[in-house]
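Novice:
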Amino acid sequence: MQSTAIALRSSGRLIALVPTMGCLHEGHASLIDIAKTKADKVIVSIFVNPAQFGPNEDFDKYPRALEADLELCRAHGVDYVFNPSAEAMYPADYSNFVDEKVLSKGLCGVSRPNHFRGVATICLKLFNITRPDVAIFGQKDAQQLALIKKMVLDFNLPLEVLAGPTFRDPDLLATSSRNQYLSPSQRADALWIPQALQQAQELVDAGVRQVDRITAEITHVLTQSRRIRVIYVQVVDRDTMQPVREIIRGRHLATVAVWVEDTRLIDNIEL
Ligand code: AMP
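Residue numbering for the sequence shown follows this note's numbering, starting at 893 and increasing by one per position.
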């Protein structure tokens, strides 16, 4: 993959990378479609990265669907799929990790302590292997997006990071590979998530700027379901991921993570 990418670059081609963990859906496809408009060649990586899963998380049961993924990639005009083995990415003597110290520590970083270390490490490796001019990430994983933008800045990586908007199913639940874990009735409960974010947006549209009121409203809506356990509800700056107290429109995100019984879901909205 690295030789191919180097050859593409030396022949003047612009490369776009869309990193994924596979089990591709329309959210991923929307990022691929953006990538197609930004470069001559689109590479999709498919790698369920063990380094970003905690010991009691869903690495083993994470859905894998390579044939369907390749079909989706073909249909969207992807030029290369990079699907390495775990052993190729992390040989037995592997010993380097990227540990961002600030914006990866809050939000999901609290309940998933090594998650972003795994994410930053795999993205750095993927960037070095696929040599992209541009990499596309989803706004749905807002903390991951901010982390990767900061890593590119701090390490002077020669690529641009672009964000794709969150793709939602018709019922407004953010499309996610993990939605497969939900039974129909759990899915109905999960719909309180976009509902809560929508309510927050309406408060801001009505002129509310105090973050406490907004987070209280989100929490109130989420707890309409007895099956939802809130992990966090926070309003943060979109670049630094630090909590804020007063809303500035266009800069701040309302972010949530919840358990719907055994399924962990995240979502966010730009206020
Ligand atoms: P994943 O395969 O879940 O690790 O996601 C790979 C990339 O797709 C990440 O940049 C995600 O933010 C992005 N992504 C996942 N779900 C969505 C969605 N519903 N809309 C837009 N991007 C998404």
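Yeah, the Cβ is synthetic: ideal placement off N, Cα and C, and Gly gets one too.
Report all residues from its chain with a CB closer than 6 Å to the CB of Lys1032; omit the five preceding and five following residues, and keep chain order.
Specialist: The residue given as residue 1032 occupies position 140 in the sequence shown. Contacts found: Thr1058 and Ala1066.
Novice: Just to check my reading of the structure: Thr912 and Val936 have Cβ atoms closer than 8 Å, yes? What is that Cβ distance to the nearest angstrom?
Specialist: Here residue 912 is taken as the residue at index 20 of the sequence shown, counted from 1. Here residue 936 is taken as the residue at index 44 of the sequence shown, counted from 1. Contact holds; Cβ gap of about 6 Å.
Novice: For the ligand AMP, any of its heavy atoms closer than 7 Å to the Cβ of His920?
Specialist: For the purposes of this step, residue 920 is taken as the residue at position 28 of the sequence shown. Flag set: Cβ of His920 near the ligand AMP.
Novice: In terms of residue numbering, what span does the beta strand (DSSP E) encompassing Asn1160 cover?
Specialist: Along the sequence shown, one-based indexing puts residue 1160 at 268. Run containing Asn1160: Thr1155 to Glu1162, per the beta strand (DSSP E) assignment.
Novice: Please report the distance separating the alpha-carbon of Thr1107 from that of Gly904.
Specialist: As a first step, residue 1107 must be located in the sequence shown, where it is residue number 215. As a first step, residue 904 must be located in the sequence shown, where it is residue number 12. Their backbone Cα atoms lie some 49 Å apart in a straight line.
Novice: Terminal residues of the continuous beta strand (DSSP E) containing Glu1052?
Specialist: Position 160 of the sequence shown, counted from the start, is the residue given in the question as residue 1052. Per DSSP, Glu1052 belongs to the beta strand (DSSP E) from Glu1052 to Gly1056.
Novice: Assuming Thr1013 and Ala943 make a contact with CB atoms under 8 Å, what is their CB distance in whole Å?
Specialist: Taking the sequence shown and counting its residues from 1, the one referred to as residue 1013 is at position 121. Taking the sequence shown and counting its residues from 1, the one referred to as residue 943 is at position 51. That belief holds up - the Cβ atoms of Thr1013 and Ala943 are roughly 6 Å apart, short of 8 Å.
Novice: Please confirm whether Ser1133 and Leu999 have their CB atoms less than 8 Å apart.
Specialist: As a first step, residue 1133 is located in the sequence shown; it is residue number 241 there, counting from the start. As a first step, residue 999 is located in the sequence shown; it is residue number 107 there, counting from the start. This sequence places Met at residue 1133; Ser is not what is there. A contact, by the Cβ cut-off of 8 Å.
Novice: On the DSSP bridge list, what partners appear for Asp1129?
Specialist: Along the sequence shown, one-based indexing puts residue 1129 at 237. BP columns for Asp1129 point to His1144.
Novice: Is the beta carbon of Thr1111 within less than 7 Å of some heavy atom of the ligand AMP?
Specialist: Position 219 of the sequence shown holds residue 1111. Because no heavy atom of the ligand AMP lies under 7 Å away, the Cβ of Thr1111 does not count as near it: no.
Novice: Can we count Gly1030 as close to the ligand AMP, meaning its CB is less than 7 Å from some heavy atom?
Specialist: Within the sequence shown, residue 1030 is the residue found at index 138, counting from 1. Answer for Gly1030: yes, Cβ within range of the ligand AMP.
Novice: Tell me the DSSP secondary structure of Leu1114 in three-state form.
Specialist: As a working note, residue 1114 is residue 222 in the sequence shown. It is helical.
Novice: Which residues bound the beta strand (DSSP E) around Gly1030?
Specialist: Position 138 of the sequence shown, counted from the start, is the residue given in the question as residue 1030. For Gly1030, the enclosing beta strand (DSSP E) begins and ends at Val1026 to Gly1030.
Novice: Anyone know if the C-beta pair for Ala1082 and Val1113 falls short of 8 Å?
Specialist: Here residue 1082 is taken as the residue at index 190 of the sequence shown, counted from 1. Here residue 1113 is taken as the residue at index 221 of the sequence shown, counted from 1. No, these two residues do not count as a Cβ contact at 8 Å.
Novice: Given 7 Å as the limit, tell me if Asp1069 has its C-beta closer than that to any heavy atom belonging to the ligand AMP.
Specialist: The residue given as residue 1069 occupies position 177 in the sequence shown. Before going on, a small fix: residue 1069 reads as Ser here, not Asp. Yes, since a heavy atom of the ligand AMP falls inside the 7 Å radius drawn around the Cβ of Ser1069.
Novice: With hydrogens ignored, establish whether the beta-carbon of Gly946 is closer than 7 Å to any heavy atom of the ligand AMP.
Specialist: Against the sequence shown, residue 946 aligns to sequence position 54. For the ligand AMP, not one heavy atom lies less than 7 Å from the Cβ of Gly946.
Novice: With a Cβ-Cβ cutoff of 8 Å, do Leu995 and Phe1019 count as a contact?
Specialist: Taking the sequence shown and counting its residues from 1, the one referred to as residue 995 is at position 103. Taking the sequence shown and counting its residues from 1, the one referred to as residue 1019 is at position 127. Cβ distance not < 8 Å, so Leu995 and Phe1019 don't count as in contact.
Novice: Mind listing, in chain order, the continuous alpha helix (DSSP H) runs of no fewer than 4 residues lying wholly within the region 895 to 931?
Specialist: 918 to 930
Novice: Mind checking whether the beta-carbon of Gln1036 lies closer than 7 Å to any heavy atom of the ligand AMP?
Specialist: Stepping through the sequence shown from its first residue, residue 1036 is reached at position 144. Flag set: Cβ of Gln1036 near the ligand AMP.
Novice: Following a CB-centred definition, is Leu958 positioned closer than 7 Å to any heavy atom of the ligand PLP?
Specialist: As for the ligand PLP, it is missing from this structure, which binds only the ligand AMP.
Novice: Along the chain, where does the alpha helix (DSSP H) containing Phe989 start, and where does it finish?
Specialist: One-based indexing of the sequence shown puts residue 989 at position 97. That residue, Phe989, is in no alpha helix (DSSP H); it is neither H nor E in DSSP.
Novice: Is the separation between the beta-carbon of Val910 and that of His920 shorter than 8 Å?
Specialist: Looking up residue 910 in the sequence shown gives position 18. Looking up residue 920 in the sequence shown gives position 28. Going by C-beta atoms, Val910 is nearer than 8 Å to His920.
Novice: My assumption, with CB atoms under 8 Å, is that Val1103 sits in contact with Glu1138. Please give the rounded CB distance.
Specialist: Position 211 of the sequence shown holds residue 1103. Position 246 of the sequence shown holds residue 1138. The pair is a contact, with the Cβ atoms about 7 Å apart (cut-off 8 Å).
Novice: For the alpha helix (DSSP H) that contains Val1044, what are its first and last residues?
Specialist: For the purposes of this step, residue 1044 is taken as residue 152 along the sequence shown, with counting starting at 1. Note, Val1044: alpha helix (DSSP H), Ala1034 to Asp1046.
Novice: Pick from Ile1161, Ser1003 and Pro1024: whose alpha carbon is nearest that of Glu1094?
Specialist: The residue given as residue 1094 occupies position 202 in the sequence shown. Comparing Cα positions, the closest option is Ile1161.
Novice: The ligand AMP heavy atoms versus the CB of Thr1013: any closer than 7 Å?
Specialist: Counted from its first residue, the sequence shown places residue 1013 at position 121. No, since every heavy atom of the ligand AMP falls outside the 7 Å radius drawn around the Cβ of Thr1013.
Novice: Could you pull the DSSP bridge partners for Phe974 from this structure?
Specialist: Here residue 974 corresponds to residue number 82 of the sequence shown, with the count starting at 1. Partner(s): Ser937.
Novice: Would you identify the three-state DSSP class for Val1100, choosing helix, strand or coil?
Specialist: Against the sequence shown, residue 1100 aligns to sequence position 208. If DSSP states are grouped into helix, strand and coil, Val1100 belongs with coil.
Novice: Would you mind working out which of Ala931, Leu1064 and Ile1120 sits nearest Thr1090, comparing C-alpha positions?
Specialist: For the purposes of this step, residue 1090 is identified with residue 198 of the sequence shown, where counting begins at 1. Looking at the sequence shown, residue 1090 is not Thr but Gln. Gln1090 has its Cα closest to that of Leu1064, out of Ala931, Leu1064 and Ile1120.
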